[in-house]
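Chains as they are written, first to last, in this note's numbering: chain A, 888 to 1008; chain B, 888 to 1008. C-beta atoms are modelled at their ideal positions from N, C-alpha and C, and glycine is treated no differently. Taking it in order: structure first as structure tokens, then the write-up.
Protein chains: 2
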Amino acid sequence: MDTTDDDDLLDLAFMALSDPVRRRLISRLSRGPATVNELAEPFEISKQAVSKHIQVLEQAQLVTRSRDAQRRPVHLNPARLEALTAWIDQYRLVREAQFRGLDAVLHSNAAHGGSSQKDRK
Amino acid sequence: MDTTDDDDLLDLAFMALSDPVRRRLISRLSRGPATVNELAEPFEISKQAVSKHIQVLEQAQLVTRSRDAQRRPVHLNPARLEALTAWIDQYRLVREAQFRGLDAVLHSNAAHGGSSQKDRK
DNA sequence: TAACTAATCAACCTATTGGTTTATCAACCC
DNA sequence: GGGTTGATAAACCAATAGGTTGATTAGTTA
Chain A
888 MDTTDDDDLL
898 DLAFMALSDP
908 VRRRLISRLS
918 RGPATVNELA
928 EPFEISKQAV
938 SKHIQVLEQA
948 QLVTRSRDAQ
958 RRPVHLNPAR
968 LEALTAWIDQ
978 YRLVREAQFR
988 GLDAVLHSNA
998 AHGGSSQKDR
1008 K
Chain B
888 MDTTDDDDLL
898 DLAFMALSDP
908 VRRRLISRLS
918 RGPATVNELA
928 EPFEISKQAV
938 SKHIQVLEQA
948 QLVTRSRDAQ
958 RRPVHLNPAR
968 LEALTAWIDQ
978 YRLVREAQFR
988 GLDAVLHSNA
998 AHGGSSQKDR
1008 K
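Listed below in structure tokens is the structure:
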């Protein structure tokens, strides 16, 4: 059931953050856990729609859920957010290093690796 | 077309990175500029499709284009990538700080602005 | 038990996305 | 000029994402 390897997870995460509503949810959750009802309150859209958004975030493991009676609080998962910044920085830093001709930085960052780069040439 | 304020730009950027093909393009471009034909070569899809993807990245200002005769090389724009990591870190760091009960970090970061590279556990 | 609350499921609708193919534009090279 | 190359535009299509409403599952409380 956990057929989500590291690469799929990156896919899901970036996909999840592509929606403005979901980014607002992340923003809200950075201030602490909240239930679906609480999260839905500031939005125009229905509670069900928000629930769906949460599921998308959950599948990307950007959030987790706990249990408190019939409530199911949503928690932010900073570790997964870090994986995103790691991916972005991987390319940003390489390019910036090249701009300055510092390939020392390039090598010290290549170790960080671990994504999907299968290009030839 | 230039009505893209900072927030729209963030929208466009995350949206752009939500596609696996576009992320592979970014990956390729981190090793240096390339033309559409060069970029399209490793992909199954048509050149036109790649061209469209480039336009999406361009609108998000994640890449820029120069001119060389009839070629139009695509260049990565590290500055915009940095804006993404800044956004993510904004929430990730706040949450991580709360985990550890360090709201000192929280306040020093609440000011926000231009977070470069400084976080390293 | 019944009633209430939190959240999800299910069916459905519409706009957008990512892809195709064909045709066109623009700059180079005999 | 005519031909070739690099890149885009236009029209179209299937799949999906994001939204809706209505019904349903759990848990809580009277």
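Using the beta-carbon of each residue, which ones in chain A are nearer than 7 Å to I932 (chain B)?
-> None at all; the shortest Cβ gap to chain A is about 15 Å.
In angstroms, rounded to a whole number, what distance separates the CA positions of A998 (chain A) and R958 (chain A)?
-> Since pLDDT at A998 (chain A) reaches only 46, below the 50 mark, its modelled position is unreliable, and no value is offered.
Whole angstroms is fine: what's the gap from A927 (chain A)'s alpha carbon to S917 (chain A)'s?
-> 15 Å
CB contact below 8 Å: T951 (chain A) versus chain B = no
Does any CB atom of chain B fall closer than 8 Å to the CB of R982 (chain A)?
-> yes
Given a cut-off of 8 Å, decide if L899 (chain A) and A947 (chain A) are closer than it, judged by their beta-carbon atoms.
-> yes
4-residue-minimum alpha helix (DSSP H) runs that sit fully inside the region 930 to 990 of chain B, ordered along the chain | 934 to 946, 965 to 986
Would you mind giving the Cβ-Cβ distance between R952 (chain A) and P960 (chain A), rounded to the nearest angstrom? I have them listed as a contact below 8 Å.
-> 7 Å
Counting Cβ pairs, one atom from each stretch, are 3 or more of them under 8 Å apart for the region 926 to 942 of chain A and the region 929 to 945 of chain B?
-> no
Can you find a CB in chain B that lies within less than 8 Å of the CB of P920 (chain A)?
-> no
Taking only the alpha-carbon atoms, compute the straight-line gap between A984 (chain B) and D894 (chain B) and give it to the nearest angstrom.
-> 25 Å
Do you know offhand how far E969 (chain A)'s Cα is from I913 (chain A)'s?
-> 13 Å
Buried versus exposed, by CB contacts within 10 Å (16 or more), Q977 (chain A) = buried
Compare the C-beta of M888 (chain B) against all C-beta atoms of chain A and say whether one is closer than 8 Å.
-> Confidence at M888 (chain B) is low in this model, with a pLDDT of 42, below 50, so its placement is unreliable and no value can be given for it.
Would you please verify whether the beta carbon of P965 (chain B) is less than 8 Å from any beta carbon of chain A?
-> yes
Please report the Cβ distance between F986 (chain B) and S905 (chain A), rounded to the nearest whole angstrom; I am assuming they are in contact, meaning their Cβ atoms lie under 8 Å.
-> Not confirmed; about 26 Å, so no contact.
I913 (chain A) CB to nearest chain B CB: under 8 Å?
-> yes
To the nearest angstrom, how far is it from the Cα of R982 (chain A) to the Cα of R911 (chain B)?
-> 15 Å
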